[in-house]
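Participant: What follows is a single structure, and I will ask about it in a moment.
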Amino acid sequence: MSTKKILSLALLGTLALAGCTDSSETTAGSAAPSANKKITVGFSVYDMQFEFFQKMAKGTQDAAAAKGWEVKLHDEKSDENEMVTGASALIDQGVDLLIISPFKPTALGPIIAKAKAKNVPVIVDDIGGGGAPYDAIVISDNAGGGKLAAEFMDKQIQANGSKSKNVASITCEPSATYAARRNAGFKAEIETRGYKVVAELSGNSKAEEGYKVMKDILSKNPDVAGVFACNDPMGVAAANAIKDAGKSPLTDIVTVGFNADPEALTAIKSDKLSATIAQDPTAMGALTVKLGEQALNKQPIEFSNAPEREVFNPVTLVDKTNVDSIN
Amino acid sequence: MIDAIKKVPLLVPLVLVMVILSISTDTFLTVGNLENVLVAAAILAIPGMAMTFCLAMGEFDLSIGSTVSLTGVVCCSALIAGQPVPIALFLALAVGAVIGLANGVVITKLGVTPFIATLATMVIVRGASLAYTDGHDQIVSSAGLKYLVGGRPLGIPMPIVLAVVAAALGWWTINRTRFGRWVCAIGSNRDAATMSGLPVDRIRIAVYILVGLSGGVWGLLISSQLQKGNGQLGLGFELDAITVVVLGGTALLGGRASIIGTLLGAVMIETIRNGLNLLNTPPAYQRISVGLLLIAALALLAFRREDRGAKPKRALAGVQESAA
Amino acid sequence: MTTETIIERTGDKPAKISFGRLWDTWGVTAILILLLLCTPAIAPGFLEVENLQSVLRESAYVGIVAVGMTFAIASGAFDLSVGGQLALTSVVSLMAFSGGGTAAAIAAAIVTGLLCGLVNAGLITRLRVPPFVATLGSLFVFRGIAYLLTQDGPKTLPYSQIHSPFVKLGSLNIAGLPLPFIIMVAVFAGGWILLRRTAIGRRTLAYGSSPSAARFCGISDTRIRLFVFGLVGLTVGIAALTYITRVWTADGSAQDGFELKVIAAVVLGGTALKGGKGTLVGTFSAVFLVSVLNEVLVSRGVESAYQRIVLGCVLIVALTIDGLRTRFAGPGSFRRAITGLIPRKTTQATS
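Line order of the protein sequences matches chains A, B and C. Each residue of the first sequence is one higher than the last, beginning at 1 in full-length UniProt numbering. Each residue of the second sequence is one higher than the last, beginning at 1 in full-length UniProt numbering. Each residue of the third sequence is one higher than the last, beginning at 1 in full-length UniProt numbering.
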């Protein structure tokens, strides 16, 4: 038995060794970087199953292609282990620049440590920086978006003539600390306008749970005049729940989502959702490439928030009046 | 009454929780809220019925959450393609049944353990759903589909009607038909069932088809609520379905089934969830509560089984006899 | 064929090496080696040193917990709470690190892991909750506590600690081999000795094949449960160390679905879900089979949706071979397994 095990380990070992000798030749050939070589940029993306990140990847790839760069794409598949493994692999493959939209911003540390050791600049796209020494981060103004939602909601509630000053807020999963800024920004602004957030519950970013949570909110506070959801799947689901309860997600309860996903835009067009906050992932992708070029050329970057090296990409409110101008 | 409590031990904690919620909130005990809880419980109970058969047989199906996603996608894209509602519903259910059939065949004919077989289909079906939609929502606006959750025949919400029908059928099948007895026989001792000439493979395949179908119904109900289908729906639903059944007292090792227990299990889960939301509980505490509840309910069940503690001894006596 | 079978059956003393027995222990290893031999053709970049190191490093935490899980499944029980244990242990360990440095972090991880295991064992033996449900419940509870501890944001290794010895735990290479991989091999070796060379290991197997018969032989339920679930907790503690020193962060949602990953590796390796049989060699190979396959698919640029489909199919195919073998168990089984695939008329009676 034990001999068999040793045999297997030896086999694996020889295979690994064979691999080593094999690879040292190939790496020696390809690793020599020349000054005029085509620039390769690695882009590690949060999860390509989401339309938002598909657009972000498109924006990044198009902007890089316009500069004649090559893009190596890596899909983190919503997994921090895959994120660290894949992004490190990009650096191992010798990319000149790393752009990353991190699934777990706090797991950026080991990646950036590795990039620093190889002198590869790192531009973070959205989600958050996790306190690591990245070169720059492009981020939607999440709190600002929440504030926009609150301003719109207040205006619309008054237009609806609702007397209630109660509103509700549906949050993403508790670990999404950066998305939580949306609800925080919303809450701060709506409270200064004299409203009360009577329910703040988590729908774990999922449509199914957003629907159930909204039903519970309607049971407890039938008089809520507005609801803000941290993302569009939950926002549209909440609007469906409101409709199923025999109310209007426009005139009875002002419903606002976040992201401007296609389902939200469709819902706004067909009077099933009041508004959403649009982030522009395509523009964010393009902006990271521009910042990346500046970092590669050691040019100074103009930050919106210098201490955190943040560059804001503006968010806009989308409602029935301007929905046709989006995409 | 005492007999009822013995048969369905979940009754006591459920009533207890409901009383506590009625006192601590002024909204739990309103018609609107109770209907809200019961509709949610009904939607959970329908797949729970099929899963009860599966667990009674001593097996379980992990692929049901992915089935929810794929059947929802199939239904919505059929509607988008202009198919009438009945055709879309039929297609979705057919896909559910085919997934169940695939599970059953892989498990019985290829001899793959149910855990791995359904784990593999869970991954494959989710992959198919994601690949087909390419991450996009399949958005519909269909009054016909909406009827599944919004309809009110005789003033009763449609999901409750469906769940009651499913429960009645399930109860009748388990307690009054040969098929039901066979399922339990396989659950208590598959080798013995095989040796007594039961068509074990066919029964198992039938049960997996049943679970697949119920996953299809679940997917339709979710898509009816949300008016969309996509690859992200139904994540983690398999645990919900299994939890409801286990909470209801259907033993994980098979051989017993409690349809009423499953119904109450669904009501229990949704009551707790609703109650925690009414009390504005932060999500971290919600998770802990669900876990503690599961353990508490099952510990209760286990204590009730104390009186059957003699069972191992009996088994041992059997060993002794055969050794002698 | 029939005569052959009969002869084999009667002449039983020096058990012939049958395909079935070999397949039990070496099947997955064979598939893994086959896959590795194919990699130069299908994934040219795979055999580069850094890539190999990365595969070994990233699989370590799954492999380490798979050792504990092999014991659990061999004893006839699942531990569904390993994901919750990993999240909680990682969070506590990171908190200990910021308070007391490397030694505190290591101690905290081991102690927390063990405690989690003991809680599970207690639920199963004292409250008599079946292991499946007990660990399903504790999965929620452990994750919930991890969420509570990280309400203000995930716990992290601060970037300023980049040169701390703790970080080296995840990044160091010794003789070209990543330290997490070396730890994993050590855990496997320890596990193998425990399972094959000690009384408690054999008792675990005996308990797994028939709990009642084991009880009859004087094997204590409580001790087996304590040992098995304690061991799972311990391996989670060790795994958490290699995990957090690699990703530097943890919160309540860390490694969602971890339990399925680990159980799949163990079962793929050839440990029977019914209990009573456990193969650590198989588990070892299965862990790498999954990660090598994943790596190959990624480097081929296969989209994640299709990656899932391929991985699922591989699981089924690998287990089908095993399933067919057990279905037509006994000497000469391989041939019958193959012929069993073809609809039969006459052989009906033999099966």
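A virtual CB, placed ideally from N, CA and C, is assigned to each residue, including glycine.
#1: Under a three-way DSSP split, which group does Val290 (chain C) fall into?
#2: Give the DSSP-derived three-state secondary structure of Asn230 (chain B) in the structure shown.
#3: Buried or exposed: which applies to Arg176 (chain B), given that a residue is buried once 16 or more other Cβ atoms fall within 10 Å of its Cβ?
#4: Taking Gly76 (chain C) as the reference, give the member of C:Thr283, C:Ile309, C:Val281 and C:Ala272 with the closest Cα.
#5: Can you check the region 77-130 of chain C for any alpha helix (DSSP H) of at least 4 residues that lies completely inside it and give the ranges in chain order?
#6: Run through DSSP, which three-state label would Ser325 (chain A) get?
#7: Could you check the C-alpha separation between Ser30 (chain A) and Val318 (chain A) for me, to the nearest Å?
#8: Can you look up Gly82 (chain B) in the DSSP assignment and give me helix, strand or coil?
#9: Could one say the Cβ of Gly330 (chain C) lies closer than 8 Å to chain B's Cβ atoms, at least one of them?
#10: Within the same chain, show all residues whose beta-carbon is closer than 7 Å to that of Met18 (chain B), passing over the 5 residues directly before and after it, in chain order.
#11: Hey, Leu220 (chain B) and Cys75 (chain B): beta-carbon distance below 8 Å or not?
#12: Are the C-beta of Gln151 (chain C) and some C-beta of chain A separated by less than 8 Å?
#13: Going along chain C, which residues have a C-beta under 8 Å from Phe115 (chain B)?
#14: Tell me where the alpha helix (DSSP H) around Ser209 (chain C) begins and ends.
#15: Got a sec, what are the start and stop residues for the beta strand (DSSP E) Asp125 (chain A) sits in?
#16: Listed from N- to C-terminal order along the chain, which residues in the region 192-204 of chain A have their beta-carbon within a distance smaller than 9 Å of any beta-carbon of chain B?
#17: Which runs of the alpha helix (DSSP H) spanning at least 4 residues fall entirely within the region 33-94 of chain B, listed in chain order?
#18: Does Gly135 (chain B) pass the burial test, meaning 16 or more other C-beta atoms within 10 Å, or should it be called exposed?
#19: Go ahead and label Met69 (chain C) buried or exposed: buried means 16 or more other beta carbons lie within 10 angstroms of its beta carbon, across all protein chains shown.
#20: What is the rounded straight-line gap between the Cα of Val213 (chain A) and the Cα of Val228 (chain C)?
#21: For the alpha helix (DSSP H) containing Ser188 (chain B), list its first residue and its last residue.
#22: Out of B:Ala266, B:Ile288, B:Glu35 and B:Ile46, which one is the CA nearest neighbour of Leu213 (chain B)?
#23: So, at 6 Å on beta carbons, what are the nonlocal neighbours of Ile43 (chain B) in its own chain, with the 5 sequence-adjacent residues on each side left out?
#24: So if DSSP puts Glu310 (chain A) in a beta bridge, which residue, or which two residues, is it bridged to?
#25: Report buried or exposed for Gly261 (chain B), applying the criterion of at least 16 other Cβ atoms within 10 angstroms of its Cβ.
#26: Look at the alpha carbon of Leu34 (chain B) and the alpha carbon of Ser171 (chain C), and state the distance between them as a whole number of angstroms.
#27: For Tyr211 (chain A), which residues in chain B fall below 8 Å Cβ to Cβ?
#28: Give, in chain order, every residue of the region 232-249 of chain C whose Cβ lies closer than 9 Å to some Cβ of chain A.
#29: Determine the DSSP secondary structure at Val48 (chain C), reduced to helix, strand or coil.
#30: Please report the residue range of the beta strand (DSSP E) in which Asp319 (chain A) lies.
#31: Give the secondary structure of Asn277 (chain B) by DSSP, where H, G and I count as helix, E and B as strand, and everything else as coil.
#32: Please list the segments of the beta strand (DSSP E) lying wholly inside the region 236-307 of chain A, counting only runs of 3 or more residues, in order along the chain.
#33: In chain A, what lies closer than 7 Å to Asn33 (chain B) by C-beta?
#34: When you compare each of C:Glu50, C:Arg57 and C:Arg246 to Val185 (chain C) by their alpha carbons, which one comes out closest?
#35: Chain B beta carbons: is any one of them nearer than 8 Å to that of Tyr147 (chain C)?
#36: Which residues share a DSSP beta bridge with Ser169 (chain A)?
Facilitator: With the structure as the only source:
#1: Note: Val290 (chain C) maps to helix in three-state DSSP.
#2: coil
#3: exposed
#4: C:Ala272
#5: With a minimum length of 4 residues, the continuous alpha helix (DSSP H) runs that stay inside the region 77-130 of chain C are 82-125.
#6: Correct three-state label for Ser325 (chain A): helix.
#7: For Ser30 (chain A), the predicted model reports a pLDDT of 38, less than 50, meaning its position is unreliable; a value from the coordinates is still stated below. Those two C-alpha atoms are separated by around 48 Å.
#8: coil
#9: Residue confidence is low: Gly330 (chain C) scores 48 on pLDDT, short of 50, so the model does not pin down where it sits. No coordinate-derived value is stated.
#10: Thr271
#11: It is a contact, given that the beta carbons lie within the stated cut-off.
#12: yes
#13: Ile263, Val267 and Leu273
#14: Segment Ala199 to Ser209, the alpha helix (DSSP H) holding Ser209 (chain C).
#15: Taken as a continuous stretch (DSSP letters only), the beta strand (DSSP E) holding Asp125 (chain A) covers Val122 to Asp125.
#16: So the close ones are Val198, Ala199, Glu200, Leu201, Ser202 and Asn204.
#17: 64-80
#18: So Gly135 (chain B) ends up on the buried side.
#19: Classified as buried, Met69 (chain C) has 16 or more neighbouring CB atoms from the shown chains inside 10 Å of its CB.
#20: 40 Å
#21: Arg178 to Ser188
#22: It is B:Ile46 whose Cα lies nearest to the Cα of Leu213 (chain B).
#23: Pro159 and Leu221
#24: A:Ile137 and A:Asn305
#25: buried
#26: 55 Å
#27: Under the 8 Å cutoff, chain B gives Gln225 and Leu226.
#28: Tyr243, Thr245, Arg246, Val247, Trp248 and Thr249
#29: Note that residue 48 (chain C) is Glu in the sequence shown, not Val. Three-state result, Glu48 (chain C): coil.
#30: Thr316 to Asp319
#31: When DSSP states are grouped into helix, strand and coil, Asn277 (chain B) belongs to the helix group.
#32: 254-259 and 275-278
#33: Ser219
#34: C:Arg57
#35: yes
#36: A:Glu200 and A:Phe228
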